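There are 4 protein chains.
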Amino acid sequence: MRSTNGRNNILRSARDTFATKGFDGASIRDIAQAAGLSLSALYYYFPSKQDALYELVHTAYSWYIEHGQTVISEAGDDVLDRFAASVRYLVRYRIENVSVSTVLLRDTERLEGENAAAVKTLQRQARAVLGDVIAAGVDAGRFTVDDPQLATRAVLSICNSLSIWYRPTGELTPEQIERDFTLYALRIVGVEPDPEELDRLLELPISQAGILDFISDPQ
Amino acid sequence: MRSTNGRNNILRSARDTFATKGFDGASIRDIAQAAGLSLSALYYYFPSKQDALYELVHTAYSWYIEHGQTVISEAGDDVLDRFAASVRYLVRYRIENVSVSTVLLRDTERLEGENAAAVKTLQRQARAVLGDVIAAGVDAGRFTVDDPQLATRAVLSICNSLSIWYRPTGELTPEQIERDFTLYALRIVGVEPDPEELDRLLELPISQAGILDFISDPQ
Amino acid sequence: MRSTNGRNNILRSARDTFATKGFDGASIRDIAQAAGLSLSALYYYFPSKQDALYELVHTAYSWYIEHGQTVISEAGDDVLDRFAASVRYLVRYRIENVSVSTVLLRDTERLEGENAAAVKTLQRQARAVLGDVIAAGVDAGRFTVDDPQLATRAVLSICNSLSIWYRPTGELTPEQIERDFTLYALRIVGVEPDPEELDRLLELPISQAGILDFISDPQ
Amino acid sequence: MRSTNGRNNILRSARDTFATKGFDGASIRDIAQAAGLSLSALYYYFPSKQDALYELVHTAYSWYIEHGQTVISEAGDDVLDRFAASVRYLVRYRIENVSVSTVLLRDTERLEGENAAAVKTLQRQARAVLGDVIAAGVDAGRFTVDDPQLATRAVLSICNSLSIWYRPTGELTPEQIERDFTLYALRIVGVEPDPEELDRLLELPISQAGILDFISDPQ
DNA sequence: TATGAATGAGAGTTCATTCAT
DNA sequence: TATGAATGAACTCTCATTCAT
């Protein structure tokens with residue numbers, strides 16, 4: 001069994017190097033250097049650069065999907081609560097995991113063959129985390145949108161944009177972003193919350209406990 | 220005298236090759252082959268791969284900004300009309316120029332030095348096309364958002380997502396997308412239009428006339 | 439059209455380097471250095487090391503087969519004359535083209551896929567150059583062997599052994615070897631020539647005119 | 658105490674891997690995998706790849722020489738019997754030990770330094786096993802060849818060719834090959850046996866008893 | 001305008017080998 | 001005895017680029 005330590009160390013470096021230079025722009029030598037290892041040591045853990053990307057992307061998506069479902073079920077039965085929880089979960093994920101999010105959203109299309117197919121399935125499932133809640137809200141008559149899938153894409157793309165422009169050193173605090181993005185999301189599905197309601201939705205507990213160390217950002 | 224023809228031919232190939240493989244994944248041989256030229260011919264027109272990317276990105280952004288301002292001013296004085304026009308202009312641009320949009324939104328960060336700086340300025344201006352309208356709407360009390368810049372990012376990111384998932388062969392028509400995205404944008408800034416009003420906003424004329432052939436998609 | 443000059447120069451170096459170090463032991467750097475070119479220049483002419491080997495082997499076998507048939511037909515109708523001519527042709531080929539013979543006989547099995555298949559066909563044809571003559575001799579009742587194919591292998595293997603041990607600086611002259619090997623070959627097929635007959639058979643003209651420069655040994 | 662078991666297991670794998678891929682084409686990983694061992698385990702038994710090859714080649718040649726001398730002395734005093742015995746011994750060795758023969762005849766020249774020198778001595782001795790018999794036959798006036806050494810090379814090369822083309826699944830039986838090759842060998846040295854004589858020569862007992870398991874072929 | 005020929009640097013990957021355990 | 005972890009050197013091959021024509 002190859003030590004999880006060595007693997008994770010490399011995955012962390014791969015994540016940061018991919019995020020900075022892009023999959024094709026990042027050389028394996030860059031990753032090795034970032035990991036404090038020799039070039040060839042990487043090949044002890046991963047048979048190829050592609051495989052390292054796949055491992056990273058696969059693990060990150062899987063974690064997101066699994067914890068997303070937990071977060072939503074912990075939000076209770078009300079569809080508004082569940083919707084707010086899933087939006088806030090994604091916002092926080094993007095803010096706290098900018099590097100991996102960049103790789104997920106930009107470099108995933110560099111995957112080939114079976115890897116690409118497997119990840120496309122995961123992406124569909126990840127979209128469904130939010131998409132199922134929106135569909136439920138529409139079915140329940142609480143949300144008013146013509147095309148729940150398109151509305152899902154809209155809300156997701158707002159949150160995903162964080163990986164492009166959010167920086168911890170920027171002017172906006174995570175809390176401001178979380179509040180405003182939650183409001184935008186609600187409005188998109190046709191809900192205009194009064195301020196107290198919005199406050200309440202923002203106080204529901206959202207957990208990202210137990211995230212793997214090679215997913216979450218370095219600080 | 221360098222013929223515009225040769226240049227544009229190359230820019231078209233560069234756009235498609237960058238869009239498909241990414242800037243770092245695309246080799247100059249790929250571009251030459253797509254252009255039906257020899258490797259060295261490219262160097263007659265562009266001193267480097269970077270320069271070709273810069274030319275492409277610079278021209279595309281400049282065109283977008285210039286025509287965007289025209290479109291908005293042609294929409295009249297009402298801030299709602301101007302807002303709808305600018306959203307619809309961007310939606311159409313993304314739908315009709317998927318390839319160049321992909322490059323603009325993904326590969327621009329591969330630019331270096333002065334090129335990168337110049338394009339960052341253009342990106343700010345491009346954001347301002349929509350951003351100024353939103354700010355005006357907020358100032359006029361017609362839009363209710365706390366942070367006009369953040370709202371701008373939200374609306375932009377919805378439209379920009381088209382470059383990732385929109386395909387002309389997909390199920391949704393450009394008209395459906397334009398309608399729904401316009402509605403989402405209005406809702407984000409706190410406006411809930413009644414159906415007639417939305418219809419009216421969707422009938423305002425939007426021109427993309429005169430777009431350069433190496434920007435707009437092949438069909 | 440890539441210049442034949444450049445190609446042949448590389449093929450010559452490849453031949454010598456493969457002969458000395460074996461296909462797997464020869465690095466592309468070795469070949470480039472021997473050719474007085476940079477590493478990458480080789481890739482302008484040959485897409486891979488495999489392809490260079492294939493080109494070399496394919497051309498050498500094709501030349502051997504074609505000229506072998508000419509030599510035999512020029513030897514006249516008598517099966518003994520034809521047999522002696524084909525043996526002497528092969529002996530001379532091995533002596534005058536030791537390097538390429540070494541590659542042909544040792545490294546051909548490093549070929550893969552279609553290349554391997556194509557060369558196996560050529561090898562069968564090359565064996566048939568001598569094999570057809572032996573079969574004709576057996577059919578005509580002039581040769582007494584049970585299995586013409588096995589006798590062919592026997593005669594061929596004697597001649598082929600030259601690529602392993604023959605050196606121009608050795609004690610034996612090409613003429614001595616040609617005489618003795620011709621005698622062995624005759625004896626194998628059951629013919630014991632008297633000295634005058636052997637002399638006559640050794641005086642028939644055998645041409646290797648027009649051999650390609652990257653096949654024949656450097657001197 | 659290094660167990661002979663472990664060593665032989667590795668030598669067996671080395672033999673097969675070298676035979677299939679060639680010395681330079683075979684990686685130590687390939688050998689380890691074939692032996693069912695980890696990479697580093699090989700280094701417990703052999704200090705380098707070269708040494709493993711040397712051990713294999715050295716042992717195989719030594720065994721061949723020693724048993725060859727036994728076989729010949731067991732054939733009695735008659736030079737024809739001794740000659741037939743040595744030819745048939747080699748034919749059987751090549752047929753029953755194709756893998757090791759391939760390595761012996763092809764990869765021996767990859768040996769370096771002292772290893773190469775030592776093996777060259779062994780090769781000379783191995784040639785002498787047959788060569789001494791031929792020389793004795795010539796001295797005794799029973800064989801009529803001008804150059805006993807060249808005749809030796811001729812007979813050897815016929816037998817050695819088996820490592821290239823003989824496969825147990827082929828059409829020819831070992832017995833057919835043994836008969837025909839013995840006949841060819843006799844003819845080369847100028848002896849035309851009548852059928853009864855040939856039969857008698859083929860009935861002399863030849864032993865390969867006690868061959869080491871890492872020399873003889875797997876079945 | 002355009003190409004063929006060439007190059008140095010660097011890509012991903014594999015190699016034989018080492019060493020602490 | 002045997003392994004997991006690591007390394008430096010070398011591998012084949014591709015890259016962006018140049019330059020004479």
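Residue numbers (the numbering used here), protein chains in the order written: chain A, 1 to 219; chain B, 220 to 438; chain C, 439 to 657; chain D, 658 to 876. We treat Cβ as the ideally placed atom computed from N, Cα and C, and that holds for glycine. Owing to the predicted nature of the structure, the values given are computational and were not obtained by experimental measurement.
Label A/W63 either buried or exposed according to how many other C-beta atoms from any shown protein chain fall within 10 Å of its C-beta, with 16 as the threshold for buried. Buried, by the Cβ-count rule.
Tell me, to the nearest whole angstrom, how far the beta carbon of B/D326 is from that of B/L272; I am working on the premise that it is less than 8 Å. That belief holds up - the Cβ atoms of B/D326 and B/L272 are roughly 7 Å apart, short of 8 Å.
A/K222: buried (16+ other C-beta within 10 angstroms of its C-beta) or exposed? No information on residue 222 of chain A is available, as it lies outside the stretch 1 to 219 that chain A covers here.
Check whether the Cβ of A/M1 lies closer than 8 Å to any Cβ atom in chain B. Any reading at A/M1 must be qualified, since the residue scores a pLDDT of 49, below 50, and its modelled position is unreliable; the value itself is stated next. Not closer than 8 Å to any Cβ of chain B, the Cβ of A/M1 fails to qualify, so no.
Selected residue, minimal CA-CA separation from A/A131, among A/R82, A/S99, A/I164 and A/V119: Checking the displayed sequence, the identity of residue 131 of chain A turns out to be Gly instead of Ala. Cα-wise, what sits closest to A/G131 is A/R82.
Measure the alpha-carbon distance for D/G663 versus C/I572 and round it to whole angstroms. Between the alpha carbons of D/G663 and C/I572 lies a gap of roughly 50 Å.
Same chain, Cβ closer than 7 Å to A/Y89, five either side skipped, listed in chain order: These residues qualify, in order along the chain: G68, V71 and I206.
Quick check on DSSP: helix, strand or coil for A/V103? Here A/V103 carries a helix assignment [DSSP, helix/strand/coil].
Cα-Cα separation between C/T611 and D/V795, rounded to whole angstroms: Spanning the two alpha carbons is a distance of roughly 22 Å.
Closest Cβ-Cβ distance between C/W501 and chain D: below 8 Å? It does not; no Cβ of chain D falls within 8 Å.
So, at 8 Å on beta carbons, what are the nonlocal neighbours of D/D870 in its own chain, with the 5 sequence-adjacent residues on each side left out? The residues are N665 and R669.
Does the distance from the C-beta atom of B/I284 to that of B/A359 stay below 8 Å? Cβ atoms of B/I284 and B/A359: not closer than 8 Å.
CB-CB length for A/I158 against B/A347, believed under 8 Å: By a beta-carbon distance limit of 8 Å, A/I158 does not contact B/A347. Their separation comes to about 19 Å.
Nearest to C/V538 (by Cα), restricted to the options C/A457, C/K558, C/Q561 and C/A647: Out of C/A457, C/K558, C/Q561 and C/A647, the CA that lies nearest to the CA of C/V538 is found in C/A457.
Find out if the Cβ-Cβ distance for the pair C/F581, C/V525 is shorter than 8 Å. Cβ atoms of C/F581 and C/V525: not closer than 8 Å.
Distance CB(A/N160)-CB(A/L105) smaller than 8 Å: In contact: A/N160 and A/L105 (Cβ atoms closer than 8 Å).
Closest to D/P825 by CA distance: which of D/P875, D/F703, D/L696 and D/D735 is it? Checking every option, the nearest Cα to that of D/P825 belongs to D/P875.
With a Cβ-Cβ cutoff of 8 Å, do D/A683 and D/I667 count as a contact? No, the pair does not count as a contact, with Cβ atoms beyond the cut-off.
Give the residues of chain D in contact with C/D618, contact being defined as C-beta atoms less than 9 Å apart. Taking the beta carbon of C/D618 as reference, the chain D residues within 9 Å of it are V802, D803, D804, L807, A808 and A811, listed in sequence order.
Given a cut-off of 8 Å on the beta-carbon distance, is the pair D/V748 and D/E835 in contact? In contact: D/V748 and D/E835 (Cβ atoms closer than 8 Å).
Expressed to the nearest angstrom, what Euclidean distance is found between the alpha-carbon atoms of A/A41 and C/Y531? Cα-Cα distance, rounded: 49 Å.
According to the Cβ coordinates, are D/R767 and D/D687 closer than 8 Å? Note that the C-beta distance between D/R767 and D/D687 is not below 8 Å.
Let me make sure I understand the geometry here. Which of D/A671, D/Y718 and D/E853 has the alpha-carbon closest to that of D/R781? The shortest C-alpha separation from D/R781 is found at D/Y718.
Indicate, with yes or no, if the ligand ADP has a heavy atom lying under 7 Å from the CB of D/T674. Annotation note on the ligand ADP: not contained in the displayed structure, which lists no ligands.
So B/Y263 and B/V317 are in contact, right, with Cβ under 8 Å, and what is the actual spacing, rounded? Contact flag wrong, Cβ pair sits at about 29 Å.
Can you confirm whether D/G847, when its beta carbon is compared against all beta carbons of chain C, has any partner nearer than 8 Å? For D/G847, the answer is yes, since a Cβ of chain C falls inside 8 Å of its Cβ.
Does C/D454 pass the burial test, meaning 16 or more other C-beta atoms within 10 Å, or should it be called exposed? Per the 10 Å Cβ criterion, buried.
How would you label C/L600, buried or exposed, when you count the other beta carbons within 10 angstroms and need 16 or more for buried? Buried, since its Cβ has 16 or more Cβ neighbours within 10 Å.
Through-space distance from D/L813 to D/P704, alpha-carbon basis: For the pair D/P704 and D/L813, the Cα-to-Cα distance works out to about 33 Å.
Run of the alpha helix (DSSP H) containing B/A254, from where it starts to where it stops: Taken as a continuous stretch (DSSP letters only), the alpha helix (DSSP H) holding B/A254 covers I247 to A254.
Check the Cβ of D/Y711 against every Cβ in chain C and list those closer than 8 Å, keeping chain order. Taking a Cβ-Cβ threshold of 8 Å, none of the residues of chain C is close to D/Y711; the smallest such distance is about 16 Å.
Look at the alpha carbon of A/V145 and the alpha carbon of B/D399, and state the distance between them as a whole number of angstroms. Taking the straight line joining both Cα atoms gives about 8 Å.
Compare the beta carbon distance of D/A742 and D/L861 with 8 Å and say whether it is the shorter of the two. Yes. Within cutoff.
Are the beta-carbon atoms belonging to C/L494 and C/A555 less than 8 Å from one another? With respect to the 8 Å criterion, C/L494 and C/A555 are not classified as neighbours on the basis of their beta carbons.
Classification of B/P367 by the beta-carbon crowding that lies within 10 angstroms, buried from 16 upward: Burial call: buried.
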